[in-house]
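Student:
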Amino acid sequence: MLHSMSTTVEAASDRSARSAAEVNEEIRALWRRSGGTLTTEQRAKYQRLVMEWAAVTPQSQRAA
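Numbering (the UniProt record's numbering) for the sequence shown: 1 to 64.
(1) Helix, strand or coil: which one does DSSP assign to arginine 18?
(2) Give the range of the alpha helix (DSSP H) segment to which leucine 38 is assigned.
(3) When the Cα of glutamate 26 is compared with those of Trp53, Thr40, Leu38 and Ala17, which residue comes out closest?
(4) CB-CB under 8 Å to alanine 20, same chain, minus the five flanking residues each way: which ones, in chain order?
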């Protein structure tokens, strides 16, 4: 029997329940706290947040 592995990106602890606006606000707050320069740890968090934001944002809004 063959098993397939999921290729979808899922946020840790099901954060997808948050709205795109909530995730976007967290991204903005991260940049404000950092003063415009992210540490390695902050950059990793930023990348996770962007992936979460993209997962909950309709594609038509991402291009705007």
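C-beta atoms are modelled at their ideal positions from N, C-alpha and C, and glycine is treated no differently. Every value quoted in this text rests on a predicted model; they were computed, and no experiment measured them.
Tutor: The structure says:
(1) coil
(2) Looking at the DSSP string, leucine 38 is not in any alpha helix (DSSP H), and its letter there is neither H nor E.
(3) For the options Trp53, Thr40, Leu38 and Ala17, the alpha carbon positioned closest to that of glutamate 26 is the one of Trp53.
(4) Apart from sequence neighbours up to five positions away, the residues of its chain that approach alanine 20 with a beta-carbon distance below 8 Å are Trp53, Val56, Thr57 and Gln61, ordered along the chain.
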